[in-house]
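Working notes for the structure below.
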Amino acid sequence: MERQHASMRRTISEQQEALGDKSKFLEVLQSQLEEAKARLEAHAATGTVDAAVAREQVFQEERNRKALELLVGKDNRIKELEDQTAALQRANERLHVHLSEVQERLQASEAQVMGLLHQKEALAEAARAERQAADNSIAELEARLAIGDHGMTAELQLAREVAANAEDRLRDMQHMLLVAEERASKAEALVQDLKADQRLFRQTSDDHVDTALAMPEVADLEAKISELIVEAATAHTAAAASKSTDAAPRRPESGLRGASGRSVADLEAQNARLLADVEGLRRGQQLEAVHRSMVGSALEHERLQQELDSAHATAAKLNARISDLVLAEQVARAEVDAAKAKLGQLQDMHSAELSYLQQQLQRLADHMAATQPEVRAAREEGSLRIKTLEESVSRLGARGGDAVQALARSASEADAAVRRESRLRSELALVQQAAKRANIQVAELRDAKAASDLEAARLQQQLAESSRELDMAAERLAACERDVAAKEDAAARKAIEVRAAMEDTAGVQVERMS
């Protein structure tokens, strides 16, 4: 295009120089014609005039031929300018179509950005709801842990009270055992006394004569012996029944009377040893079980307290992470608002540029519509001028003044054509500048659209990362809930085991007491 402009400028300068030469040549011709007229009038040299006229006709034909070629070239140039104008109009139409497509894309991107904003608001609402649910879950877990801690403390206190009661019962049973041993020793002493009395009675029974006096004494002695035997049996029934399940049934009073001297001492010694062993073993087992349950309860309580502290730390981390997510969400929202404001500014600038371009295009179309009749008129006028020039060339032999006037008119027409060409060139330059501005605006709009697409993709990626982090936080909360539930179940099972062990211990103590 620049080369064409340079060639056109060179052509115009050459044409202007040719026109200047022609004007000088016309002046010379006019002076020569005046001189020829003067010579014709003065000397009446018709032959010289004819020769000059013939020579002038040859020169005029040459000049007319050059002028005709110049006009034909200008006509071709005008046609080329018209073709360029049509091409510019088509390019303008394509630019309008492209601008409409860009507007549609901008509207689609704006709708996409609005959809992303709505999606982000929905995700923010869901995040706030999940955070509220997480806070509620943490509060519930803390309450449940506090309840479990209180329950474990109460159960531990109850276990301690049961252990203290068991120790008191053991001391009472030891005291009762001592009392029973004392009674057994007294019973043994009474049995020995009774045996001595029986032997003495048997030795002295032959010496008694009065049977009426001997029979009541024998009955009283037998009653005392039976009472002492019953008291000794009741004193050692608990110890004998706990270990000697296969012991022989109680003998009748007559058998006890016969075997009391042989088995009471052995039975007392065996029962004493068995009672001591069983009592020591049971007491040691009970104390060891109570100690183990208390130590296990304390360890379980400490472990639950540590897990509660870790759950509190995890909850604090989750709250900090949620606050970070909320802050990131606010930053992203601010960035989205800034991008939206920038997009609005770009849209305003784009609308202003579009209106300016539309006005320029409208003015250009009006100007083209106004210049097309002028171009057609100039072309018709040029063709008419060519015809008139041809006619004037044919009439040059008769009238030299008409040739001069035709040359002057052709020169003026050439000047007008040059002016029209310069005006068309200026208009073409304006159209090219408008096309460049439109291309620059389209490039800026493309860059803005690409930036908005990148911003939307980045925001969507941030939202996806936020949703993933929230999902991970929810999973960690669920894992904490499962751990706490498992620990509560373990604590409940441990409490049930401790309660069962206490009940077994109490049952054994009750059996021993019975």
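Residue numbering for the sequence shown is 1 to 514, as defined by the UniProt record's numbering. By construction, the Cβ of each residue, glycine as well, lies at the ideal position given by its N, Cα and C atoms. If you're wondering where the values come from, they're calculated on a predicted model, not measured in any experiment.
For residue i, count neighbouring Cβ atoms within 10 angstroms of its own Cβ and tell me buried if that reaches 16, exposed if not.
i           : result
residue 384 : exposed
residue 63  : buried
residue 60  : buried
residue 205 : In this predicted model, residue 205 has a pLDDT of only 46, less than 50, meaning its place in the structure is not dependable enough to derive any value.
residue 459 : buried
residue 66  : exposed
residue 507 : exposed
residue 78  : buried
residue 436 : exposed
residue 161 : exposed
residue 74  : buried
residue 71  : buried
residue 81  : buried
residue 178 : exposed
residue 504 : exposed
residue 465 : exposed
residue 121 : exposed
residue 419 : exposed
residue 327 : exposed
residue 17  : exposed
residue 88  : buried
residue 27  : exposed
residue 56  : buried
residue 455 : buried
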